[in-house]
Amino acid sequence: MVRFILLQALAFCGHDESHTSSNKGNFLELADWLKMRDEGAKNILDNASRNNFLTSPYLQKDMCEACAKQTTKAILDEIGDKKFSILVDESHDSSIKEQMASVLRYVNSKGHVIERFLGVENVLDTT
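See the structure below:
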């Protein structure tokens, strides 16, 4: 579920995540969809203790960071011992926070130039 939400660049939560809400947010709606189609997932999610619904923003951020680490490892495995370059660009967002974006560029075994986005980091100064 987390990988799907990240791949689609969706928000995890909605405005009203109560049981009576008609739209509980992407994460809970996807969990409900999964429960309707997979009996094993239904048993796990329906029998989870009250504090184990995976809806904590801190836990969801940890899950996102775990996916980011797996993705970075897959990119590094794909590069192997080939030469690569690092592209770094800076900008500021609408709240005037300085940000730095990082991209790896390399040539794959078929001779195609590949660029892989690594992430955006908030920085104090971009000099």
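At position 34 of the sequence shown (counting the first as 1) the number is 34 in UniProt numbering, and the numbers step up by one without a gap. Glycine included, C-beta positions come from ideal geometry on N, C-alpha and C. As the structure is a prediction and not an experimental result, all values here were calculated from the model.
- Under DSSP, the beta-bridge partners assigned to A101 are D89, V120.
- Here the segment 104 to 115 makes contact with the segment 82 to 91; the two share three or more CB pairs at distances below 8 Å.
- Apart from sequence neighbours up to five positions away, the residues of its chain that approach G25 with a beta-carbon distance below 6 Å are C13, G14, E17, ordered along the chain.
- Ranked by how close their Cα comes to the Cα of D46, the residues T55, D32, P57, S56 have D32 in first place.
- The Cβ neighbour count for F4, taken over all protein chains shown within 10 Å, is under 16; the residue is labelled exposed.
- Annotation for S95: no residue places its beta carbon closer than 7 Å to its own, counting only its chain and skipping 5 residues before and after.
- L7 and D62 have their alpha carbons spaced roughly 16 Å apart.
- Annotation: the continuous alpha helix (DSSP H) that includes C64 extends over 57 to 79.
- In the structure shown, the three-state DSSP call for E115 is strand.
- Assignment of F12 by DSSP, reduced to helix, strand and coil, places it in the coil class.
- By the Cβ-count criterion, F117 is exposed, with fewer than 16 other Cβ atoms from all chains shown falling within 10 Å of its own Cβ.
- Taking the Cα positions, P57 is about 19 Å away from E121.
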